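The block underneath contains the structure these notes are about, expressed in structure tokens.
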Amino acid sequence: MSPEVEAPLRRWLFDGRLRHYQADALERVDASGPGPLHIVAPPGSGKTLLGLLLAMRRGTRTLVLAPTITIRDQWAAEARRLAPEAGAVSTTSEAPGELTALTYQSLSVLDGENPLAALAHERWLRELEADGRSTDAASAWLGALRSGNHRAYAAGIARRSRTLRRRIAQEDPGALSRALHPNARALIESLVDHGVDTVVLDECHHLLDHWALVVAALVARLRDAGRSPLVVGLTATLPSPDDGNAYDNYTSLLGEVDYEVPIPAVVREGNLAPYREYVRFVEPTTDELAFLSGAATGLAVLIRSTFAHGDGAAHLIGMLQPPVEGKAGAGADGDAETPGPALAPPPPASSARAAPNDADIRLARAFADDFAGAEAAAAMLATVHPDHPLVARLPTAARRKPTTEESLRLLGRFALDRVLPDPAARDRWDRIRSALADFGFSLTDRGLRRTRDPIDTMLASSLSKDRAVCDILRLERDRTGTRLRALVVSDFSEHGNRHGGLVSRAGALRTFDVLATDAATADLRGALVTGSTTRIATRHAGSLAEAWTAALGVEVATAAVAENPAVTEISAPGVGAAGFVHAAATLLSRGQLDVVVGTRGLFGEGWDCPAVNTLIDLSSVATAPATQQLRGRALRLDPDWSEKVAHIWTVTALLPPSSPIDAAPDLSRLRRKQARLWGVHRDDPRRIVRGLAGALTAEQRRLLAPGSLPSADELDSLTVVEPRELSRASWQIGTDYLDRESTETVIVRRAADPTFRTRRRADAVLGAGTATAGIVAAAALALMVAGVVGAVGVAGVAAGAVALTGAVVAGAPVARAWWCSRRAHAEAPELYRRIARTVVAALQRAGCIGDRATPEVNVERPTDAGGFQHLELRLTHATLAEQHVFAGAMSELLGPIRTPRFLLQVDAGGRSPLVRWLLKRARVGSGARGGGGGQGRSQFLAVPASFGMAGGRLRSFAEDWQRTVGPCTLHFVDSPEALALLAEARRGGAVAGDLAVIERWD
């Protein structure tokens, strides 16, 4: 604590009962130290009380900063319940109290309406000049825009001002401090003079831009005054490291997390409502599909005409056959500058050994240098030139149709490499640029970059989503009756893809129009609340106008909406959006409204309505903070329904299987949303898990795996909305818990299939070798017995002894290898148990995990009707970080091969020359090196990078594998010949079965 600082908050008193995790947090964090303290807890878990108790322990004058006035006022109300007198708490900067609650904005208001506007204008001029305009032309164009379309001009200035503000804040925080409004600077000085020594930052995930630096400037000013202020950061979820410099600003202010309260713990203690996540899948409307299909047809024609012949085909070959150091050429014909013919014939039999090796070396180099680009080129070559000799050498996963994004990126790279340098190809450059723009890519001489993607926008704002809202509300009303209290959240009041005029309007306005006119939801009393508009259904205008008047305390006026007679707009003099948002919560709680449709900006954070029991998420933002905050709107306990269970729906749009476009941006968004969310496992309600397993069944996840093309109806048919009482029982509210997170690897495989593709071939040859040795031994023994009884002479006995000795010496290692392999592969759980033990030993030798870590392999549930077996691999006696390392190593070892430094060949090697010879003969006999079908190829595994590079440790791993799993050979990918082996390894694909990493809570 700072020396000689008053501690008035020590007089404050809390005489209530703490929740388990609140008490635990107070025990584990030290409020008397220098800090900072960084605490993560979900909405509704009591963060406000926890922050106040920490400030009381510190005792010094406290400043609380909140993102909104509503949240600021909630802090003040809670603080007054603890303070000895109400005057100890202030929400104004003019008269700070023992605890002062303000908004972040009050500190960071800039001097003037936009002090950076002049710099932003100059930046814009420089951009126009860089784009080829003269200084006078750029100035004239910008002046005309300013006078003719001031709204567009102001938006451009605002965007560039934000960029400048971030840059100034990062490069010269003092300049940003000087840019603050004089009132903001005076406020900081008054807080310093007032003796503030504790700063509590609520919803601190907002501190990603200049706010973080302004707060840091405040803390630095307190330190300049001789204090050691304590900074306490409270948030429901952490921001993403993908935010770059902004994330660095955040972590430099608050450091690592000191304590985290998981949502399952709060639900288990009965302080948040139990909940279930559901997903509703839809497909675009006929008109929307027609628009997308038209664009896709044009793209397909362009792709075919570009890559089917000539320089386009040569470009693909060049990407897959780059120059390799020490080799004569780059292409199939050995020419370093010009790749061979796009459709070169296969090499003659006499050169079948050397040429393929050279092609494999170049192919492996292409994947090592640019994996994504090589995979896209391989997929395109396999599609447009399936008979090209190089296709047989491609990885199994790459012999497929390229995705739409891969095709677009290939087009962009081709245009940059082959078209742009040719002055005569300007028209071709323009055609490709136009096609790429239609699919959300901007192509310039600086490269290819993503812009607003019309496919993503179309799917995110599809009219089918609004219709799905009606279906969901009908289903929920049928199950809950008059208890239904629903919140539907969209990104904006009005937005969407207006390309070609196909979608005239999307967002909350359209969603409410559909809701008000759909027969399935006609009887639901709904309201639309946005920043500028509040609407109700005309059929309910009489009763709802009276209800809104009572909730607002002001007479509301109604007005017909010209474009939709089924909807009526309401307004109230002197009442802004905040008043309508608060009134919406009141009306839902009273049961006078059934549904509220609104925007994420108004309802996504800070809005408190415990009555909400159904949330429908139409938003396209998938960041962890936004996703967690939005779900918090439905998880508050409802005093009028003690058995409340919240249903949270995410509506996801998929293109139908018949669509010529291969893109799933909305599905990708669903994965990102669910990645950090806890929920009850869809197939095993005994488990609380994080990720898609809490929202989709195993069959749905299997159908959505890469390469599958399920329809929305097929996926929706697998969604079973269980009774709320069953969901409530799954959470086991009130029972003890460990409050422990763990990570496990789940493998779903066909029980009848071997794990390693080459296992049967290896077993057959080793079994034959064992049988042969046994036959020889038996014959030798018979010969010796015959000699004993006199049937043959001494020479026969000697010959039998020699043969028996040879059979035993040569056959024993073969028999041991065969028996080890048979025993390891007899049952999949036993095989994975042995593999896991080998991996754990390697990680322990590398110092990645502790010596007590022990792997477990369990059969998650019996083999299902489809013949699929579910195995669960976990690491016990290990930290969560060590479990992540183990899961990552298993995924790398058993998953598709990318760019490892070492390969493990599992159908080669052995402890004796005879075993190695037998396995080699088996591979040669089955055409392992000939590139035939997948069953004939060798099986390789990628050695996990976490094992390190030390040769001794890696040899120990291979020896462990050979002793417990079966024969193997370790290869170091360090030469052109080894790159050829890597190409062969990729062709073989991954180990049989789908592998996923699951996080769970107990």
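Take the sequence shown: its position 13, counted from the start at 1, is 25 in my numbering, and no numbers get skipped.
C-beta atoms are modelled at their ideal positions from N, C-alpha and C, and glycine is treated no differently.
Remember, it's a predicted structure, so these values are computed and weren't measured experimentally.
**Prompt:** Hey, His217 and Pro79: beta-carbon distance below 7 Å or not?
**Reply:** no
**Request:** Identify whether Leu25 lies in helix, strand or coil by the three-state DSSP scheme.
**Result:** coil
**Message:** Taking only three categories from DSSP, how would you classify Gly109?
**Reply:** coil
**Prompt:** Among residues of its own chain, excluding the 5 on either side of Ala717, which ones have a beta-carbon nearer than 8 Å to its beta-carbon?
**Reply:** Asp1006
**Prompt:** Ordered along the chain, which non-local residues of its own chain (more than five positions away) have a Cβ less than 6 Å from that of Leu915?
**Reply:** Phe952, His983 and Ala997
**Message:** If distances are taken between C-alpha atoms only, which option among Arg461, Asp478, Ala569 and Arg967 comes closest to Leu428?
**Reply:** Arg461
**Request:** Rounded to whole angstroms, what's the CA-CA distance from Gly160 to Ala152? Just pull it up for me.
**Result:** Between the C-alpha atoms of Gly160 and Ala152 there is a straight-line separation of about 12 Å.
**Item:** Residue interval of the beta strand (DSSP E) (run including Gly610)
**Value:** Val607 to Thr611
**Asked** For His397, which of helix, strand or coil comes out of DSSP?
**Response** coil
**Asked** What do you get for Thr782, buried or exposed, if any count of 16 or more other CB atoms within 10 angstroms of its CB means buried?
**Response** buried
**Message:** Which same chain residues end up closer than 8 Å to Arg411 when comparing Cβ atoms and leaving out the 5 residues on each side of it in sequence?
**Reply:** Ala390, Ala391, Ala394 and Val403
**Prompt:** Going straight from the alpha carbon of Ala557 to that of Pro296, what length do you get?
**Reply:** 36 Å
**Message:** Please return the same chain residues whose Cβ sits closer than 7 Å to the Cβ of Arg31, not counting the five positions on each side in sequence.
**Reply:** Gly58, Glu281 and Asn283
**Message:** Rounded to the nearest angstrom, what separates Val313 and Arg440 at their Cα positions?
**Reply:** 14 Å
**Message:** Quick check for students: name the residue ranges of the beta strand (DSSP E) that lie wholly in the stretch 631 to 672, counting only runs of 3 or more.
**Reply:** Within the stretch 631 to 672, the complete beta strand (DSSP E) runs of at least 3 residues are 658 to 665.
**Message:** Tell me the residue span of the alpha helix (DSSP H) that contains His206.
**Reply:** Pro194 to His206
**Item:** Limits of the alpha helix (DSSP H) - the one that Gln712 falls within
**Value:** Ala710 to Leu715
**N- and C-terminal bounds of the beta strand (DSSP E) containing Leu428** = Premise fails: Leu428 is in no beta strand (DSSP E) and is neither H nor E.
**Item:** Integer Cβ distance of Arg405 from Arg975, believed to fall under 8 Å
**Value:** Their Cβ separation, rounded to whole angstroms, is 34 Å, which puts Arg405 and Arg975 out of contact at 8 Å.
**Item:** Rounded C-alpha distance that separates Thr523 from Leu885
**Value:** Annotation: Thr523 to Leu885 spans about 45 Å, alpha carbon to alpha carbon.
**Request:** Give every residue of the same chain whose Cβ lies closer than 7 Å to the Cβ of Ala480, excluding the five residues on either side of it in the sequence, and list them in chain order.
**Result:** Arg292, Val294 and Val663
**Request:** Pull up the DSSP beta-bridge partners for Val294, would you.
**Result:** Ala665
**Request:** Have a look at His511 and Ser473 and give me their C-alpha separation to the nearest angstrom.
**Result:** Below a pLDDT of 50, predicted positions are generally treated as unreliable, and His511, at 41, falls in that range; the measurement from the model is reported next regardless. Going from the Cα of His511 to the Cα of Ser473 covers about 13 Å.
**Prompt:** In its own chain, which residues sit with a C-beta less than 7 Å from the C-beta of Arg849, not counting the 5 before and 5 after it?
**Reply:** Pro867 and Thr976
**Stretch-stretch touch, CB-based, cutoff 8 Å, three pairs: the stretch 628 to 647 with the stretch 592 to 604** = no
**Prompt:** Does the stretch 619 to 637 touch the stretch 493 to 506, meaning 3 or more C-beta pairs lie closer than 8 Å?
**Reply:** yes
**Request:** Measure the CB-CB distance between Thr529 and Thr550 and report whether it falls below 7 Å.
**Result:** no
**Asked** With respect to the alpha helix (DSSP H) encompassing His1016, which residues constitute its N-terminal and C-terminal limits?
**Response** Look at the range of the chain in this structure, 13 to 1014, and you will see that residue 1016 is not part of it.
**Request:** Measure from the alpha carbon of Arg864 to the alpha carbon of each residue in Asp725, Leu667 and Leu887, then state which is nearest.
**Result:** Leu887
**Request:** Could you tell me which of Ala590, Gly706 and Glu617 sits nearest to Trp1013, measuring between CA atoms?
**Result:** Gly706
**Item:** Length of the line joining the Cα atoms of Val701 and Thr784
**Value:** When rounded, the distance between both Cα atoms is 52 Å.
**Ala572 - containing beta strand (DSSP E), residue span** = Ala569 to Ala572
**Request:** Would you mind sorting Arg235 into buried or exposed? The rule is 16 or more other CB atoms within 10 Å of its CB.
**Result:** exposed
**Prompt:** Considering only residues of the same chain and omitting the five flanking positions on each side of Ala308, which have a CB-CB separation below 8 Å?
**Reply:** Thr416, Ser671, Pro672 and Ile673
**Asked** For Gly71, is the classification buried or exposed, using 16 other Cβ atoms within 10 angstroms of its Cβ as the cut-off for buried?
**Response** buried
**Message:** What residue range does the alpha helix (DSSP H) around Gln974 cover?
**Reply:** Gly963 to Thr976
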